[in-house]
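Novice: Submitted below is the structure of interest, expressed as structure tokens.
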Amino acid sequence: MKINPATDMLGVVDVQPTFMPGGELPVPDGDTVVPTVNRLLRHFPSAFATQDWHPPGHSSFASAHPGHAPGDMIEMDYGPQILWPDHAIQNSAGASLHPALDQSRISLIIRKGFHPGIDSYSAFRENDHRCSTGLAGWLRARSVERLFLCGLAADFCVAWSAEDAIAAGFETIVIEDATRAIAMPLPGGGDSAERARARLAALGVRFLQTNHLES
Ligand code: VGL
Ligand code: ZN
Numbered sequence: 001m002k003i004n005p006a007t008d009m010l011g012v013v014d015v016q017p018t019f020m021p022g023g024e025l026p027v028p029d030g031d032t033v034v035p036t037v038n039r040l041l042r043h044f045p046s047a048f049a050t051q052d053w054h055p056p057g058h059s060s061f062a063s064a065h066p067g068h069a070p071g072d073m074i075e076m077d078y079g080p081q082i083l084w085p086d087h088a089i090q091n092s093a094g095a096s097l098h099p100a101l102d103q104s105r106i107s108l109i110i111r112k113g114f115h116p117g118i119d120s121y122s123a124f125r126e127n128d129h130r131c132s133t134g135l136a137g138w139l140r141a142r143s144v145e146r147l148f149l150c151g152l153a154a155d156f157c158v159a160w161s162a163e164d165a166i167a168a169g170f171e172t173i174v175i176e177d178a179t180r181a182i183a184m185p186l187p188g189g190g191d192s193a194e195r196a197r198a199r200l201a202a203l204g205v206r207f208l209q210t211n212h213l214e215s
């Protein structure tokens, strides 16, 4: 697939040490996406990144809900919420963008999850589905028609971003070898990675490998 620099954009989701082995919410092999994402970045004249950015005691942390453990599901006013280990704490080393990420073409960084009571997986809006990050407007102002997504985690922040990108009218492509999934087992069988992929495919999201892109 040929990249059109005028109308294509790359989004780099949550490439932060907190989501990598040794971090607080490690995605298996999460660190292995960094060189692939850097290779991808060379195809695009400009890109944006997201950064999970939680205050201490954030409501998505199991530690903020006595009696609960990471992986538990609770009901928030905006719907069901999976509880996570404390992660991506503002200003911690783990919350920085990965030091080996080539940021030379990243012109926008969207921080998400900073409201203490609302989690935010998607680059476009918070999990209450009300507060917008303004990303759709930024993309439209830059004449973007097609959005390529990579980063972590494939089944949460990348998947929710892809879903909102389609809803906002962007052609949406996930670069599969530049993502890794948490793959949490789910009640009823299967895991979050399989479910997310099927949900996205049904919405019209396409999946591609880095070596199928040319600039
Ligand atoms: C993420 C869970 C909690 C992600 C962020 O980046 O996919 N997942 N916060
Ligand atoms: Zn988070």
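No gaps in the numbering here: position 6 of the sequence shown is 6 in UniProt numbering, and each next residue is one more.
Where a beta carbon is used, it is the ideal one built from N, C-alpha and C, also for glycine.
Because the structure is a prediction, the values reported are computed rather than measured.
1) Is the distance from the Cβ of residue 154 to the Cβ of residue 197 below 9 Å?
2) Tell me the DSSP secondary structure of residue 89 in three-state form.
3) Could you work out which residue in 112, 131, 149 is closest to residue 58 when comparing CA atoms only?
4) Among residues of its own chain, excluding the 5 on either side of residue 22, which ones have a beta-carbon nearer than 6 Å to its beta-carbon?
5) Under 8 Å from any heavy atom of ligand 2, does the C-beta of residue 273 make it?
6) Should residue 113 be counted as a contact of ligand 2 given a C-beta to heavy atom distance under 8 Å?
7) Assess contact between the region 76-95 and the region 34-54, defined as three or more Cβ pairs (one per stretch) separated by less than 8 Å. Is contact present?
8) May I ask you to report which of helix, strand or coil DSSP gives residue 100?
9) Looking only at its chain, what residues have a beta carbon closer than 6 Å to the beta carbon of residue 157, apart from the 5 residues adjacent to it on each side?
10) Let me know the secondary structure DSSP gives residue 177 once reduced to three states.
11) Below 9 Å between beta carbons: does that hold for residue 159 and residue 199?
12) In whole angstroms, what separates the C-alpha of residue 96 from that of residue 135?
13) Quick one: residues in its chain with C-beta nearer than 6 Å to the C-beta of residue 195, no 5 flanking neighbours on either side, listed in chain order?
14) Closest to residue 36 by C-alpha separation, out of 180, 133, 131, would be which residue?
15) Check residue 116 in the structure and name its three-state DSSP category.
16) So the beta strand (DSSP E) residue 131 belongs to, where does it begin and stop?
17) Thinking C-beta only, is residue 165 closer than 9 Å to residue 186?
18) Name the DSSP bridge partner or partners of residue 47?
19) Is the region 36-46 touching the region 168-183, taking contact as three or more C-beta pairs under 8 Å?
20) Ligand 2 and residue 63: does the residue's C-beta get closer than 8 Å to at least one heavy atom of that ligand?
21) Can you name the start and end residues of the beta strand (DSSP E) that residue 166 belongs to?
Specialist: On the basis of the coordinates in this document:
1) The answer is yes: Cβ separation under 9 Å.
2) Three-state DSSP puts residue 89 in a strand.
3) Sorting 112, 131, 149 by C-alpha distance to the C-alpha of residue 58 places 112 at the top.
4) Closer than 6 Å at the Cβ level, and outside the excluded window around residue 22, lies no residue.
5) Because the chain spans 1 through 215 in this model, residue 273 falls outside it and cannot be assessed.
6) Proximity of the beta carbon of residue 113 to ligand 2 is indicated: a heavy atom of the ligand is located closer than 8 Å.
7) Between the region 76-95 and the region 34-54 there are three or more C-beta pairs closer than 8 Å, enough to call the two in contact.
8) Here residue 100 carries a coil assignment [DSSP, helix/strand/coil].
9) Excluding sequence neighbours, residue 157 sits near 13, 14, 121.
10) In the structure shown, the three-state DSSP call for residue 177 is strand.
11) Result yes, Cβ atoms of residue 159 and residue 199 sit closer than 9 Å.
12) Residue 96 and residue 135: Cα-Cα distance of roughly 20 Å.
13) Correct list: empty, nothing qualifies.
14) Answer by Cα proximity: 180.
15) Per DSSP, reduced to three states, the secondary structure at residue 116 is coil, with no helix or strand assignment.
16) Per DSSP, residue 131 lies in no beta strand (DSSP E) and is assigned neither H nor E.
17) Against a cut-off of 9 Å, the Cβ pair of residue 165 and residue 186 comes out as no contact.
18) Beta-bridge pairing links residue 47 to 10, 106.
19) Here the region 36-46 makes contact with the region 168-183; the two share three or more CB pairs at distances below 8 Å.
20) Taking the Cβ of residue 63 as the reference point, every heavy atom of ligand 2 lies at 8 Å or farther away.
21) Looking at the DSSP string, residue 166 is not in any beta strand (DSSP E); the run it does join, the alpha helix (DSSP H), is 157-167.
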